[in-house]
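Going by the working numbering, the first residue of the sequence shown is number 121, and it counts up by one from there.
What follows is a set of notes on a single structure, which appears directly below.
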Amino acid sequence: MRTKILNKIIALGTVSLMTTACVPASSALADDIKADSVIELSDSEILVDGEKASTDSNSAVYTGADIIYYEDGTDESYGAGTEAEKHSSEEAAANTVVTITEPGTYEIKGTLSNGQLAIDLGEDAEDDPNAVVTLVLDGVDINCSVAPAVIFYNVYECGSGDTETATSDVDTSAAGANVIIADGTVNNITGSHVAKIYKDGTTDKKYKFDGAFYSKMSMNIDGGTLGTGRLNITADNEGLDSELHLTINGGIIHINSADDGINTNEDGVSVTTINDGYLYIFAGNGSEGDGIDSNGWIVINGGTVISLANPNSMDGGIDSDMGTYINGGTVVGAGGMYDEIENDSKQLFMFMQFAEDTDDTIVVTDENDNPVFAYDFPYDYTYIVFSTPELAEGTYHVYMGGSIEGTEEEGLYTSITSYTDGIQLKHGGVSNGEMNGEPTARPDDSTEMLERPENAPNTDGTQTPPEKPENNNNPNDSSNSSQTTPPEKPDGNGETMKKPEGGFGDHMGMNNSAEEESSDFVFTRETRNFTNVTYAESATESTKTTTV
Numbered sequence: 121m122r123t124k125i126l127n128k129i130i131a132l133g134t135v136s137l138m139t140t141a142c143v144p145a146s147s148a149l150a151d152d153i154k155a156d157s158v159i160e161l162s163d164s165e166i167l168v169d170g171e172k173a174s175t176d177s178n179s180a181v182y183t184g185a186d187i188i189y190y191e192d193g194t195d196e197s198y199g200a201g202t203e204a205e206k207h208s209s210e211e212a213a214a215n216t217v218v219t220i221t222e223p224g225t226y227e228i229k230g231t232l233s234n235g236q237l238a239i240d241l242g243e244d245a246e247d248d249p250n251a252v253v254t255l256v257l258d259g260v261d262i263n264c265s266v267a268p269a270v271i272f273y274n275v276y277e278c279g280s281g282d283t284e285t286a287t288s289d290v291d292t293s294a295a296g297a298n299v300i301i302a303d304g305t306v307n308n309i310t311g312s313h314v315a316k317i318y319k320d321g322t323t324d325k326k327y328k329f330d331g332a333f334y335s336k337m338s339m340n341i342d343g344g345t346l347g348t349g350r351l352n353i354t355a356d357n358e359g360l361d362s363e364l365h366l367t368i369n370g371g372i373i374h375i376n377s378a379d380d381g382i383n384t385n386e387d388g389v390s391v392t393t394i395n396d397g398y399l400y401i402f403a404g405n406g407s408e409g410d411g412i413d414s415n416g417w418i419v420i421n422g423g424t425v426i427s428l429a430n431p432n433s434m435d436g437g438i439d440s441d442m443g444t445y446i447n448g449g450t451v452v453g454a455g456g457m458y459d460e461i462e463n464d465s466k467q468l469f470m471f472m473q474f475a476e477d478t479d480d481t482i483v484v485t486d487e488n489d490n491p492v493f494a495y496d497f498p499y500d501y502t503y504i505v506f507s508t509p510e511l512a513e514g515t516y517h518v519y520m521g522g523s524i525e526g527t528e529e530e531g532l533y534t535s536i537t538s539y540t541d542g543i544q545l546k547h548g549g550v551s552n553g554e555m556n557g558e559p560t561a562r563p564d565d566s567t568e569m570l571e572r573p574e575n576a577p578n579t580d581g582t583q584t585p586p587e588k589p590e591n592n593n594n595p596n597d598s599s600n601s602s603q604t605t606p607p608e609k610p611d612g613n614g615e616t617m618k619k620p621e622g623g624f625g626d627h628m629g630m631n632n633s634a635e636e637e638s639s640d641f642v643f644t645r646e647t648r649n650f651t652n653v654t655y656a657e658s659a660t661e662s663t664k665t666t667t668v
């Protein structure tokens with residue numbers, strides 16, 4: 121029998137692992153948020169401060185602008201879009217564009233089933249420090265099937281695109297694009313994208329907007345006083361995008377995308393900074409997608425970040441071109457590849473490469489079996505990185521599956537009251553590719569496979585894992601605030617996609633973390649990567665109880 125189950129009980133108390141602020145509050149703007157104007161969206165009539173919106177483009181807010189989209193009936197000289205990215209003029213005309221043209225703070229509420237909120241302060245705004253717009257999302261639902269549902273075109277750009285002076289440390293506090301998620305509100309942004317459209321007679325970019333929530337300028341996103349407001353972004357391509365920098369300071373953000381969940385896309389310059397808040401990303405609604413992707417740097421200083429790449433592609437939960445730093449917070453990243461975290465990050469992190477994909481609960485304990493981390497991975501992943509403020513140098517044990525009880529939200533356990541029947545894991549040695557699919561022994565010596573605990577991540581607070589819907593994502597249906605369960609991903613022949621043979625269980629050029637297999641994960645600032653993680657040959661004790 122290849123492995124034995126460690127019949128282990130962690131009980132007689134509650135171990136606090138990490139915290140997250142996700143408690144809803146009553147809907148109200150904070151006292152320190154003063155809106156200059158209130159925009160009430162509706163499919164029948166747009167109101168601005170209680171009056172019907174103007175159609176005059178010289179007004180501070182007006183309706184009636186043409187929407188920018190990738191047109192049907194065009195040839196290869198028009199742009200680089202595919203047939204699937206083309207839209208008819210009738211579909212485009214069905215969208216109402218609400219345009220903000222003057223600086224200020226705008227409270228946004230209501231529903232726009234076919235439309236776009238656009239911010240355009242003019243071509244000179246980029247250099248004007250006063251060209252600042254703040255959107256206060258106060259229970260808004262916007263859907264756009266041909267372009268981003270929210271887009272900042274022209275506001276003040278606080279950053280520089282100079283690659284020679286670019287660093288990972290940026291201050292975007294003066295940025296012209298700002299979003300506040302009002303406390304106690306749920307806001308749904310469901311958007312499309314615009315594929316690359318050429319300038320006339322060239323292949324240079326005229327338009328290209330990749331994300332459902334998009335800014336051409338550096339952007340800040342914050343929560344209200346309590347940080348209890350929620351922003352759901354559902355995207356048929358990328359989710360939340362900035363062409364330069366993006367800083368997240370608070371709020372609860374859920375992103376469900378068919379490509380990268382977050383993308384900041386200026387090569388060698390862009391910085392995605394996360395200082396606080398709660399961020400859950402699933403980038404698995406298409407054929408590929410990183411959870412967070414920066415063409416420059418990623419810097420995580422605080423908050424809770426769960427970033428899941430597409431489980432059917434060679435993408436990472438956290439992926440940057442110039443370097444990723446974890447300096448604080450609780451971080452979980454998972455995918456089919458690993459983009460290294462910088463060793464001089466201020467907070468320790470642990471990386472595990474599994475011999476084969478795992479979609480089960482992973483529990484990490486200290487050498488006395490006190491838990492320090494637990495997450496129930498909803499889909500198959502090979503490369504996993506996590507970091508918490510409690511992680512310190514020392515010897516750890518890692519377990520898979522079993523029965524776990526405690527406080528859980530979207531797979532992440534903030535406390536554990538008991539854990540039993542977990543399978544102990546080892547690392548190092550020679551890869552044997554026998555992680556999944558083999559029967560494992562229960563304490564009664566039967567060969568029944570362990571059942572996965574019923575606590576997969578649901579954003580609606582339930583503990584029952586939802587079924588994957590059919591591949592019929594309805595962008596007009598905003599009734600589902602969960603947004604973490606993707607449809608099946610068909611290939612061009614309608615078959616469910618499978619990962620390609622080879623490559624996903626290898627070490628991507630990494631050596632095994634130890635020549636000899638070991639169930640002790642000896643973790644230091646210099647030794648934090650553990651490869652060929654698979655079932656241990658034996659349990660340390662037949663029965664072990666730890667009081668915490």
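Positions of the beta carbon are idealized from the N, C-alpha and C atoms, including for glycine.
Buried versus exposed call for residue i [16 or more other C-beta atoms within 10 Å across all chains shown]
{"i": "Thr478", "result": "buried"}
{"i": "Arg645", "result": "exposed"}
{"i": "Asn274", "result": "buried"}
{"i": "Glu358", "result": "buried"}
{"i": "Thr502", "result": "buried"}
{"i": "Asn631", "result": "exposed"}
{"i": "Ala674", "result": "Nothing can be reported for residue 674, as the shown portion of the chain is limited to 121 through 668."}
{"i": "Glu386", "result": "buried"}
{"i": "Glu284", "result": "exposed"}
{"i": "Ala415", "result": "The sequence given here places Asn at residue 415; Ala does not occur at that position. Answer is buried; the Cβ neighbour count reaches 16."}
{"i": "Pro606", "result": "Summary for Pro606: the model assigns pLDDT 38, below 50, so the residue's position carries little reliability; its value from the coordinates is reported in the next sentence. Per the 10 Å Cβ criterion, buried."}
{"i": "Ile418", "result": "buried"}
Simplified DSSP assignment, three categories, for residue i
{"i": "Glu386", "result": "coil"}
{"i": "Glu530", "result": "coil"}
{"i": "Asp379", "result": "coil"}
{"i": "Thr651", "result": "strand"}
{"i": "Asp247", "result": "helix"}
{"i": "Ala173", "result": "coil"}
{"i": "Ala297", "result": "strand"}
{"i": "Glu637", "result": "coil"}
{"i": "Ala429", "result": "coil"}
{"i": "Glu75", "result": "Nothing can be reported for residue 75, as the shown portion of the chain is limited to 121 through 668."}
C-alpha distance - residue i paired with residue j, whole-angstrom precision
{"i": "Glu277", "j": "Thr292", "result": "9 Å"}
{"i": "Leu346", "j": "Ala180", "result": "30 Å"}
{"i": "Glu161", "j": "Glu205", "result": "What sits at residue 161 in the sequence shown is Leu, not Glu. Going from the Cα of Leu161 to the Cα of Glu205 covers about 27 Å."}
{"i": "Asp248", "j": "Gly381", "result": "30 Å"}
{"i": "Asn591", "j": "Ala269", "result": "Note that Asn591 scores a pLDDT of 34, beneath 50, so its modelled location is shaky; the value from the coordinates is reported in the next line. When rounded, the distance between both Cα atoms is 22 Å."}
{"i": "Met121", "j": "Leu545", "result": "Note on Met121: pLDDT 31, under 50, position unreliable in the model; no value is reported."}
{"i": "Tyr182", "j": "Asn376", "result": "30 Å"}
{"i": "Val290", "j": "Val391", "result": "7 Å"}
{"i": "Val518", "j": "Ser338", "result": "40 Å"}
{"i": "Leu399", "j": "Lys172", "result": "36 Å"}
{"i": "Ala200", "j": "Ala378", "result": "18 Å"}
{"i": "Ser535", "j": "Tyr495", "result": "11 Å"}
{"i": "Ser233", "j": "Ile372", "result": "23 Å"}
{"i": "Ser164", "j": "Gly343", "result": "30 Å"}
{"i": "Asn432", "j": "Gly455", "result": "9 Å"}
{"i": "Gly521", "j": "Val483", "result": "8 Å"}
{"i": "Gly549", "j": "Tyr499", "result": "26 Å"}
{"i": "Gly531", "j": "Glu210", "result": "42 Å"}
{"i": "Gly453", "j": "Asp480", "result": "15 Å"}
{"i": "Ala295", "j": "Leu241", "result": "14 Å"}
Nearest neighbour of residue i, chosen from the options [CA to CA]
{"i": "Asp195", "options": "Tyr400, Ala378, Tyr318 and Phe650", "result": "Tyr318"}
{"i": "Asp356", "options": "Asp464, Phe329 and Gly436", "result": "Phe329"}
{"i": "Asp464", "options": "Asp176, Ile418, Asn447 and Gly344", "result": "Asn447"}
{"i": "Ile412", "options": "Tyr189, Ala512 and Ser362", "result": "Ser362"}
{"i": "Thr485", "options": "Ala294, Ser538, Gly242 and Asp441", "result": "Ser538"}
{"i": "Ile187", "options": "Gly522, Phe474, Val642 and Gln236", "result": "Gln236"}
{"i": "Asn490", "options": "Phe506, Leu511 and Gly455", "result": "Leu511"}
{"i": "Val252", "options": "Ala297, Asp441, Thr219 and Cys264", "result": "Ala297"}
{"i": "Gly304", "options": "Phe272, Val314 and Leu351", "result": "Leu351"}
{"i": "Ile743", "options": "Tyr327, Asp324, Ile301 and Thr322", "result": "For the chain, the structure presents residues 121 to 668; residue 743 sits outside this window and is missing."}
{"i": "Lys325", "options": "Lys316, Gly331 and Thr651", "result": "Lys316"}
{"i": "Thr348", "options": "Gly423, Ile524, Gly331 and Thr287", "result": "Gly423"}
{"i": "Leu366", "options": "Val299, Asp640, Tyr516 and Asp258", "result": "Val299"}
{"i": "Gly230", "options": "Asp258, Ile401, Val217 and Thr254", "result": "Asp258"}
{"i": "Tyr327", "options": "Glu203, Thr384, Tyr533 and Tyr190", "result": "Tyr190"}
Assumed close pair residue i, residue j - CB separation to whole angstroms, cut-off 8 Å
{"i": "Asp435", "j": "Glu408", "result": "6 Å"}
{"i": "Asn308", "j": "Asp261", "result": "5 Å"}
{"i": "Phe469", "j": "Phe506", "result": "7 Å"}
{"i": "Asp156", "j": "Thr225", "result": "5 Å"}
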